[in-house]
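First the structure, in the form of structure tokens, and then the observations on it.
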Amino acid sequence: MAKRRKTASRAISDQALLAVARRFKLLGEVDRLKIINLLEGEPRTAKEIAQRLGLSSAQVMRHLKTMTRADLLAASRTDGQEHYSILEPAVFEIRDLMCASLQRKIIEHAKTFDL
-11 MAKRRKTASR AISDQALLAV ARRFKLLGEV DRLKIINLLE GEPRTAKEIA QRLGLSSAQV
49 MRHLKTMTRA DLLAASRTDG QEHYSILEPA VFEIRDLMCA SLQRKIIEHA KTFDL
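So that you can map any letter, position 89 of the sequence shown is 77 in our numbering, and since no number is skipped, the others follow by simple counting.
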């Protein structure tokens, strides 16, 4: 069994937990995570994102608007085009923590079954 990281115990209000849950819900869609991964390198237009990910423009715009309203992304106009970039870099930390956790679980399972 993996050891749980010790942290100082502190009360978190229901309102704060609700805000955290909403943020996790935003990150709970694969296409949004793909968009976030793509934006890690540089700002991109909705058209670039749609082409690179093989998604429709409507799908991409819906996700971009949702993430922009939630302050995960920023939109800026350059050369007459809207470019989207990451406003909240913590999304990369969350993603990386979850990937590392999954990797540890896979290794644990492999050891359990001598794979």
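Cβ coordinates follow ideal geometry from the N, Cα and C atoms, glycine included.
Nearest candidate by alpha-carbon position, reference residue i, set the options
i	options	result
phenylalanine 12	Asp102, Ala78, Thr100	Ala78
valine 8	Ser45, Ile82, Leu26	Ile82
Residues that residue i bridges to, as DSSP identifies them
i	result
glutamine 69	Thr66
threonine 33	His71
leucine 61	Ile74
Same chain, Cβ closer than 6 Å to residue i, five either side skipped, listed in chain order
i	result
valine 48	Ala34, Ile37, Ala38
threonine 56	Ala63
leucine 61	Met55, Tyr72, Leu75
alanine 58	Leu14
Coil, strand or helix - residue i by DSSP
i	result
isoleucine 74	strand
leucine 41	helix
leucine 85	helix
leucine 26	helix
alanine -1	coil
glutamate 96	helix
leucine 90	helix
C-beta contact flag for residue i and residue j at 8 Å
i	j	result
aspartate 19	leucine 52	no
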